[in-house]
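Below is one structure; the comments refer to it alone.
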Amino acid sequence: MTKRKIEIMDTTLRDGEQTSGVSFSISDKLTITQLLIEELQVDRVEIASARVSEGEFEAVKAVMEWAESNGYTEKIEVLSFVDNGVSIDWMVNAGVRVQNLLTKGSLNHLTYQLKKTPEQHFSEIAQVIKVSHDKNIETNVYLEDWSNGMRSSREYVLQYLDFLATQPIKRVLLPDTLGILTPSETFDFISLLRSKYPKLHFDFHAHNDYDLGTANVLEAVKAGANGLHLTVNGMGERAGNAPLASAVAVINDFLPEVEINLIESSIYKVSKLVETFSRVRIPANKPIVGDNVFTQTAGIHADGDNKKNLYFNDLLPERFGRKRKYALGKTSGKANIEKNLQELGLKLNDDDLKRVTQRVIELGDKKETVTQEDLPYIISDVLDSKLYEEKVVVESYVLTNSKGLRPSATISVCIEGKLIETNAQGDGQFDAFMNALSKVYDEKNLTLPKLIDYAVRIAPGSDSDALCETIITWETENKTFITRGLDSDQTVSAIKSAQKMLNII
Ligand SMILES: CC(C)C(=O)C(=O)O
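Per my numbering, the very first residue in the sequence shown carries number 658; after that it's consecutive.
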C-alpha cells in the first residue's frame, strides 16, 4: 500500500513562544531548530513572527545563516503580516525564504478588527503575494479564526479560498485559533474543503482549549489534511497547541495509511531540551514525555507484567527513548521490588524479599519517596538488622536546637526490659543524644565505645527527599566496628546507627 505523506510543521518557536512567560534566546532558537530538523526530522519549522523585535531579527538571521549553509532554507518559516511591505523588507534583510502570511479567516475578524471588505482584503493580500514572489519569498497563507469562519461565515471562507486558488501560493494554513472545534466538526470542515479544493494543500493548526487538540489533529488527517502544526510539549498561546509527541503517536498507531518523517526515539530528548530552555515544566502525567507516564505503581501491574506483559499497550517507552519503571512505595508489591532488583542485577531469597517489601511499604506510608537508587541501601539496612538482637531499644527522644542555647536531648532507653530516662547537652543534636546515652551507661558502670568516624551519604541520583545512610565507626579497647542507620532524616539515621552499636557491645 502506498502511504499518504503528511507534513509536520513545528511551531514551538513561534506559537510555542506565545506561552505566557516564555522567551527563547538567539542560541535557544538556533539549537532547537537544529534539533527539530536534523534529529527529529520535522519537515518545516516556524521560528518567529516578523517585526517583533531587534532580538527576534538577530535570531532569525542566525537561523537563516545556518539553514543557508546546510540546504534547509525552504524548511524555515516566519509568520508575517499584511502591512504594506514592512514584513517583507524585514524578512528579506533576515534572509527568510518562506512566509506564513497572517490573514483573516472569518468575516467577524475582518469586519471588526480590520474594518475592511473582503474585496479590499483580497486585493492587499494579492499585492503582498506578488511583491514577496518578486523578492524570492514563497507564501503560505494563514486564515486566522478559520474555525469560527466555517461556523458563522462559511460563504466568506469559500469566497476567500476561491480567490486563494488563483494565487501563486504553496499552502493554506487552517487554524482553530480559539481551540473551539469538536473532532466531528474538524472532520466535516476539512472534508468539505478537501472535496471542493482538491489541488490546494491544507495544513491544520489545532489549539488545545478543550483538551481536544490531539483528537482534532487525528480527525483532520483522516479528512485529508496535508499537514499539521504541532509544538513540543504542547506549548502555545493559552492552553497551547496540539502536542507533537501525542500527535505523532496517534498518527503512527491509528492511521496505518499515513506516513510521517518524524523519528519517535528523538522525541523525549527534544522535549527535555525545550523544557530546559523554556523553563516550562512538563506535567508528570503528560502523555509520552511526562515523568510518570511509563511508571507502573500498583503491585498488581508489576505482577501482570512479570507473567505476560499484561499491563503493556502499544505505547512502549523504548519507542520514545524512555524506559518503563516500577514505582516503590506503599502500593508496591513484591513484584515491583523484584522488577527493580532485576534492573540492579540483584536477587533476594523469599524471606528477605518480604522484609524489604515490608520496609518499602512502611517508608511509603510515611509519604517518603523511595527510588530505585535507594533500594541497595534499604536492602543492606534490612539484612543488617537481622544480625542484631534488640536487647537495647531507644524508645523515645526529644532533641532541641535553638538560637543562643546549646542543643539538648532527652532520651528514654529500654535496656533488657528496664526503662531509663535522662537528658544532656552537646555540640549538636546527635552529640547531645550520645552524651545522654553515656549518662545512662555511666550509671550502670559501663563504657560506651568511642566514635572515631562518622560519614553520611545519600544514594547517587536521589532527589532532596532521599534516604540517607549514616555510617559510624566505633572503637572499644579490643575492637573497631561499623554500624549503619538509614532514614530520610539525617539525625534519625545516626541514632539508628547508634542503636545498632548498643546491641553489639
Ligand atoms: C497567529 C495565528 C496564525 C495562530 O496561531 C492561530 O490563529 O492559532
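A virtual CB, placed ideally from N, CA and C, is assigned to each residue, including glycine.
Cut-off 6 Å between Cβ atoms - residues of its own chain near H958, not counting five sequence neighbours on either side: Cβ contact annotation for H958 (same chain, cutoff 6 Å, sequence separation greater than five): Y968, in chain order.
Any non-hydrogen atom of ligand 1 closer than 7 Å to Y867 Cβ: Flag unset: Cβ of Y867 not near ligand 1.
Closest residue to E932 among V889, I920, L687 (Cα-Cα distance): Distance from the Cα of E932 is smallest, within the candidate group V889, I920, L687, for V889.
As assigned by DSSP and simplified to three states, the class of K827: Correct three-state label for K827: coil.
Inter-residue Cα distance where the pair is A783 and L758: Taking the Cα positions, A783 is about 11 Å away from L758.
Cut-off 6 Å between Cβ atoms - residues of its own chain near C1071, not counting five sequence neighbours on either side: Around C1071: V1050, E1052.
Beta-carbon proximity check, L821 vs F859, cutoff 8 Å: For L821 and F859, no; Cβs fall outside 8 Å.
L885 beta carbon less than 8 Å from that of Y1240: Nothing in the structure corresponds to residue 1240, since the chain is present only between 658 and 1162.
At least three beta-carbon pairs within less than 8 Å, the segment 988 to 1002 to the segment 1071 to 1087: No contact exists between the segment 988 to 1002 and the segment 1071 to 1087.
Beta carbon of A707 nearer than 8 Å to that of V739: In this structure, V739 does not lie closer than 8 Å to A707 by Cβ.
Proximity below 8 Å, CB of I920 to CB of E696: Taking 8 Å as the Cβ cut-off, I920 and E696 qualify as a contacting pair.
Among F681, V829, H864, D700, nearest to R730 - alpha-carbon criterion: According to the sequence shown, residue 730 is Thr rather than Arg. Considering only alpha carbons, the answer is D700.
Whole runs of the beta strand (DSSP E) within the segment 817 to 886, excluding any shorter than 3 residues: Qualifying beta strand (DSSP E) stretches, in chain order: 828 to 832, 859 to 862.
Enclosing alpha helix (DSSP H) for R1012 [first to last residue]: Residues 1007 to 1022.
L736 beta carbon near ligand 1 (any heavy atom closer than 7 Å): Yes.
CB of K660 within 8 Å of CB of E916, strictly: K660 is a Cβ neighbour of E916, given a cutoff of 8 Å.
Straight-line gap, D960 to E995 (C-alpha atoms, nearest Å): Put simply, the backbone Cα of D960 is about 9 Å away from that of E995.
Selected residue, minimal CA-CA separation from T1057, among N1080, K926, L1044: Ranking N1080, K926, L1044 by Cα distance to T1057 puts N1080 first.
Euclidean distance between Cα positions of N1006 and G1021: Straight-line Cα distance between these residues: approximately 22 Å.
First through last residue of the beta strand (DSSP E) which encompasses M666: Counting along the chain, the beta strand (DSSP E) containing M666 begins and ends at 664 to 667.
Spatial distance of D833 from L912 (CA atoms): Rounded to the nearest angstrom, the two C-alpha atoms are 22 Å apart.
Neighbourhood of R671 by C-beta distance below 7 Å, restricted to the same chain and skipping five residues each side: These residues qualify, in order along the chain: E703, I704, A705, S706, L736.
When S1154, A880, E1134 are compared against C1125, the one with the closest alpha-carbon: Here the closest residue by C-alpha is S1154.
Cβ-based burial, M658 [other Cβ within 10 Å; buried from 16]: Burial call: exposed.
Bridge-paired residues (DSSP) for T760: DSSP, once it has assigned bridges, lists L800 as partnering T760.
Candidates T823, I1128, G752, E776: closest to K761 by CA position: Answer by Cα proximity: E776.
Test item, CB below 6 Å from any non-hydrogen atom of ligand 1: Those satisfying the condition are, in chain order, D672, L759, Y799, E801, P832, T834, H862, H864.
Spatial distance of K965 from I694 (CA atoms): Taking the straight line from one Cα to the other gives about 39 Å.
Helix, strand or coil at S1065 according to DSSP, with G and I counted as helix: In the structure shown, S1065 falls within a strand segment according to DSSP collapsed to helix, strand and coil.
Distance, F934 Cα to G893 Cα: If you take the alpha carbons of G893 and F934, they lie about 15 Å apart.
Assumed close pair E764, Y813 - CB separation to whole angstroms, cut-off 8 Å: Per the sequence shown, residue 764 should be read as Leu rather than Glu. Under the criterion of beta carbons closer than 8 Å, L764 and Y813 qualify as touching, at roughly 4 Å.
Straight-line Cα distance separating R895 from L677: A quick correction: the sequence has Ser, not Leu, at residue 677. Going by the C-alpha atoms only, they are around 8 Å apart.
Other residues of its chain near N909: CB distance less than 8 Å, five sequence neighbours each side excluded: Within the same chain, I917, E921 come within 8 Å of N909 by CB-CB distance, once the 5 residues on both sides are set aside.
I1036 to E1030 span [Cα, whole Å]: Straight-line Cα distance between these residues: approximately 11 Å.
Beta-carbon proximity of I1152 to I1139, cut-off 8 Å: No, the Cβ-Cβ distance between I1152 and I1139 is not below 8 Å.
Burial state of R1141, where buried means 16 or more other Cβ atoms lie within 10 Å: Here R1141 is buried: its Cβ has 16 or more other Cβ atoms, across all protein chains shown, within 10 Å.
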